[in-house]
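To start, the structure itself, in structure tokens.
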Amino acid sequence: MQYDIPEKLRAVTGDSIRPGGLILTERAADFCGFSKSARIVDIGCGFGTTLSHLRHRHGFRVCGIDISARMLSESPVQTAVQAGAESLPFGADVFDGVFCECVLSLLSLPERALHEFHRVLQSGGYLIMSDLYLRNPGTRSYLLSSCLSGAVTKSERIMQLSDCGFELLLWEDHSGYLKEMAARIVWMLGSREDLMKLFFPGPCSACDWESIQRARPGYFLLIARKN
Amino acid sequence: MNGDYSRPEDLAWKCRRCDVNLVVGPAVLTYMGNRITADLPQCPVCGFVMISEELALGKMAEVEQILEDK
């Protein structure tokens, strides 16, 4: 599997390519209170923005994985390798923290990835995740055939975490950042139709603006601990 | 994220108060706590920004609607 971030999107969001950028990364790092020598892995590290930030601001020992060789080639942090989130190239009980920012909803096997995150974390280690979610549960079945099918509701995501052995410590809604990013993209590109084409380039019957609005996509930050 | 939203005809306008031609420069648009920077025609003396009808009723209206959505 290979993917590339549209340059138009990168121009709007910067290299973090997600709502909230490094603000939520920093919020999570502060919450967890990692030691200076903490070992951190960033899942879907892309251009290495989070890795670089955590290394230079906090001094953490960082590494990352991403499936895009092209994005990895631009990472300023060399400890990033090409791999999938569902099969991590690390041993068990290695990391103090796993960051997974705006990635899980893009995966075809999110539960398997969560099990992998649990496996590589030390006991008491933190999972830091930010992602899209559906704030209108009633639209879940309708969206199964759409491009937003990877986004689930808050309760579904929390249940997945619990099933994998995580204890939820924090859930925060940050949908304002998603809204702000959508507004900036429309401002940059010109219209909502251009926004839709950017995120849903393929044929998708459920991907009209009204359907997306009905699902009320939101954005969350969560922190969970391996028990 | 500076998009250029000026058209050549916009620069034919003069600021009535300062009596100088408009120039293109960065302007910060704020709506519901969100800030967007854009290059827009404005008076180089008093900073008064001109927003065309096309921009106000088009892209700007769409952005406002997104920010107003619950």
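First to last, the sequence lines map onto chains F and E.
For this note's numbering, count along the first sequence from 1 and bump the result up by 1071.
For this note's numbering, count along the second sequence from 1 and bump the result up by 399.
Just so it is clear, CB atoms sit at the ideal spot from N, CA and C, and this is done for glycine as well.
Note that the structure is predicted; figures quoted are calculated from it, not measured.
1) What does the Cβ neighbour count give for V1174 (chain F), buried or exposed, with the cut at 16 atoms within 10 Å?
2) What are the residues that DSSP puts in a beta bridge with L1241 (chain F)?
3) Taking 9 Å as the CB-CB limit, is L410 (chain E) close to chain C?
4) Taking the runs of the alpha helix (DSSP H) that are 4 residues or longer, which of them lie wholly in the region 1161–1209 of chain F?
5) How big is the Cα-Cα spacing for A1156 (chain F) and L1260 (chain F)?
6) Looking only at C-alpha atoms, which of F:M1230, F:K1079, F:V1112 and F:Y1204 sits nearest to P1288 (chain F)?
7) Does the region 409–428 of chain E touch the region 1226–1237 of chain F, meaning 3 or more C-beta pairs lie closer than 8 Å?
8) Does any CB atom of chain F fall closer than 9 Å to the CB of G457 (chain E)?
9) Are the beta-carbon atoms of L421 (chain E) and D409 (chain E) separated by less than 9 Å?
10) Scan the region 1255–1267 of chain F for residues whose Cβ lies nearer than 7 Å to a Cβ of chain E and list them as they occur along the chain.
11) In chain F, which residues lie with their C-beta within 8 Å of the C-beta of E461 (chain E)?
12) Could you pull the start and end residues of the alpha helix (DSSP H) that I465 (chain E) belongs to?
13) In terms of residues, what are the limits of the beta strand (DSSP E) holding V1112 (chain F)?
14) If we call anything under 9 Å between Cβ atoms a contact, is V1148 (chain F) one with G1162 (chain F)?
15) Can you list, in chain order, the residues of its chain whose CB lies under 6 Å from that of S1307 (chain F), leaving out five sequence neighbours each side?
16) So that I know if they touch, is there some Cβ in chain F lying closer than 9 Å to that of L466 (chain E)?
17) So F1166 (chain F) and Q1193 (chain F) are in contact, right, with Cβ under 8 Å, and what is the actual spacing, rounded?
18) At least one CB of chain E closer than 9 Å to the CB of K1250 (chain F): is that the case?
19) From what residue to what residue does the alpha helix (DSSP H) around Q1153 (chain F) run?
20) Identify every residue that forms a DSSP beta bridge with Y430 (chain E).
21) Kindly list the residues whose CB is nearer than 8 Å to the CB of A426 (chain E), restricted to its own chain and excluding five residues on each side of it in sequence; keep chain order.
22) Closest to K1079 (chain F) by CA distance: which of F:L1266, F:A1109 and F:A1295 is it?
23) Go ahead and label C445 (chain E) buried or exposed: buried means 16 or more other beta carbons lie within 10 angstroms of its beta carbon, across all protein chains shown.
24) Give me the chain F residues within the contact set of I450 (chain E), using Cβ-Cβ distance strictly less than 9 Å, ordered along the chain.
25) Taking all protein chains shown into account, decide if R1110 (chain F) is buried (16 or more other Cβ within 10 angstroms of its Cβ) or exposed.
26) Below 8 Å on the Cβ atoms is my contact criterion, and I expect L1292 (chain F) with A1099 (chain F) to pass it. Report the Cβ-Cβ distance as a whole number of Å.
27) Alpha carbons only, please: which of F:R1263, F:D1244 and F:G1195 is nearest the one belonging to F1105 (chain F)?
28) Can you tell me where the alpha helix (DSSP H) with R1263 (chain F) in it begins and where it stops?
Walking through what the data contain:
1) The residue you call residue 1174 (chain F) lines up with position 103 of the first sequence. Buried, since its Cβ has 16 or more Cβ neighbours within 10 Å.
2) Locating residue 1241 (chain F) in the first sequence gives position 170, counting from the first residue. Answer is F:I1294.
3) No chain C appears in this structure, whose protein chains are F and E.
4) 1181–1191
5) In the first sequence, the residue the question calls residue 1156 (chain F) occupies position 85. In the first sequence, the residue the question calls residue 1260 (chain F) occupies position 189. Cα to Cα, the separation comes out at about 31 Å.
6) Locating residue 1288 (chain F) in the first sequence gives position 217, where the first residue counts as 1. With distances taken between Cα atoms, P1288 (chain F) lies closest to F:Y1204.
7) no
8) As a working mapping, residue 457 (chain E) is identified with position 58 in the second sequence. Judged by the 9 Å Cβ criterion, G457 (chain E) is in contact with chain F.
9) Numbered from its first residue, the second sequence carries residue 421 (chain E) at position 22. Numbered from its first residue, the second sequence carries residue 409 (chain E) at position 10. Against a cut-off of 9 Å, the Cβ pair of D409 (chain E) and L421 (chain E) comes out as a contact.
10) R1255, V1257, W1258, M1259, G1261, S1262 and R1263
11) Locating residue 461 (chain E) in the second sequence gives position 62, where the first residue counts as 1. The contacting residues are V1257, S1262 and R1263.
12) On the second sequence, position 66 is the one that residue 465 (chain E) refers to. Here the alpha helix (DSSP H) through I465 (chain E) covers K458 to E467.
13) Working through the first sequence from its first residue, we reach residue 1112 (chain F) at position 41. V1112 (chain F) -> beta strand (DSSP E) spans R1110 to I1114.
14) Counting from one through the first sequence, the residue named residue 1148 (chain F) turns up at place 77. Counting from one through the first sequence, the residue named residue 1162 (chain F) turns up at place 91. No; because the gap between Cβ atoms is not below 9 Å, this pair is not in contact.
15) An answer regarding residue 1307 (chain F) cannot be provided, because it is not within the stretch 1072 to 1298 covered by chain F.
16) Along the second sequence, one-based indexing puts residue 466 (chain E) at 67. For L466 (chain E), the answer is yes, since a Cβ of chain F falls inside 9 Å of its Cβ.
17) As a working note, residue 1166 (chain F) is residue 95 in the first sequence. As a working note, residue 1193 (chain F) is residue 122 in the first sequence. With 8 Å as the limit, F1166 (chain F) and Q1193 (chain F) qualify as a contact, their Cβ atoms being about 7 Å apart.
18) The residue labelled residue 1250 (chain F) in the question sits at position 179 within the first sequence. Yes, contact with chain E.
19) Residue numbering aside, residue 1153 (chain F) sits at position 82 when the first sequence is read from its first letter. Not the alpha helix (DSSP H): Q1153 (chain F) falls in the beta strand (DSSP E), residues A1151 to Q1153.
20) Position 31 of the second sequence holds residue 430 (chain E). Answer is E:N433.
21) What you label residue 426 (chain E) is simply residue 27 of the second sequence in a count that begins at 1. For A426 (chain E), where only same-chain residues beyond five positions count, the Cβ hits under 8 Å are T436, A437, D438, L439, Q441 and V448.
22) Locating residue 1079 (chain F) in the first sequence gives position 8, where the first residue counts as 1. Among F:L1266, F:A1109 and F:A1295, the Cα nearest to that of K1079 (chain F) belongs to F:L1266.
23) Within the second sequence, residue 445 (chain E) is the residue found at index 46, counting from 1. By the neighbour-count rule (16 or more Cβ atoms within 10 Å), C445 (chain E) is not buried but exposed.
24) Taking the second sequence and counting its residues from 1, one reaches residue 450 (chain E) at position 51. Here the premise fails: no neighbours, minimum Cβ distance about 13 Å.
25) For this step, residue 1110 (chain F) is matched to residue 39 along the first sequence. Classification for R1110 (chain F): buried.
26) Here residue 1292 (chain F) is taken as the residue at index 221 of the first sequence, counted from 1. Here residue 1099 (chain F) is taken as the residue at index 28 of the first sequence, counted from 1. Sure, about 6 Å apart at Cβ, within 8 Å.
27) Looking up residue 1105 (chain F) in the first sequence gives position 34. Per the Cα distances, F:G1195.
28) For the purposes of this step, residue 1263 (chain F) is identified with residue 192 of the first sequence, where counting begins at 1. Counting along the chain, the alpha helix (DSSP H) containing R1263 (chain F) begins and ends at R1263 to F1270.
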